[in-house]
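In what follows, a structure is listed as structure tokens, so that the remarks can point back to it.
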Amino acid sequence: EDEEEYQEVLKLVYEAIVTKPSQRIVNKFFGESLPPLSELANNASLMLLNTHLTITKPRPFVPAIVEVAGIHIGEPQELPQVSSE
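Encoded structure:
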């Protein structure tokens with residue numbers, strides 16, 4: 336019974352700290368026409384993870400989970416030349 340109460344408290348805390356603020360942000364930028372985030376998460380058919388086995392422990396994933404570490408990194412820029420004057 337203590338475990339059930341603990342899980343219920345965790346669920347409420349997660350709802351207050353993560354889910355509701357995230358839903359407000361989504362509504363602000365995309366409008367309220369989207370389904371709730373919890374429904375979107377339950378219906379996801381592909382998950383992209385910003386991880387790679389070279390920087391984390393290797394672990395098995397189902398085919399619907401793909402590691403894409405570094406996908407946010409753009410083309411490198413040349414560094415400015417520094418003069419010795």
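In terms of our numbering, the sequence shown opens at residue 336 and continues consecutively.
Note that beta-carbon positions come from the ideal geometry of N, C-alpha and C, so glycine has one too.
Here Leu388 is actually not in contact with Val401; their C-beta atoms are around 12 Å apart, not less than 8 Å. In the DSSP annotation of this structure, Glu338 is not part of any beta strand (DSSP E); the continuous alpha helix (DSSP H) holding it starts and ends at Asp337 to Tyr349. With a cutoff of 8 Å on beta-carbon distance, Ala404 and Ile390 are scored as near each other.
Take the alpha-carbon of Arg394 and the one of Thr386: they are about 11 Å apart. For Leu383, the uninterrupted beta strand (DSSP E) segment begins and ends at Met382 to Leu384.
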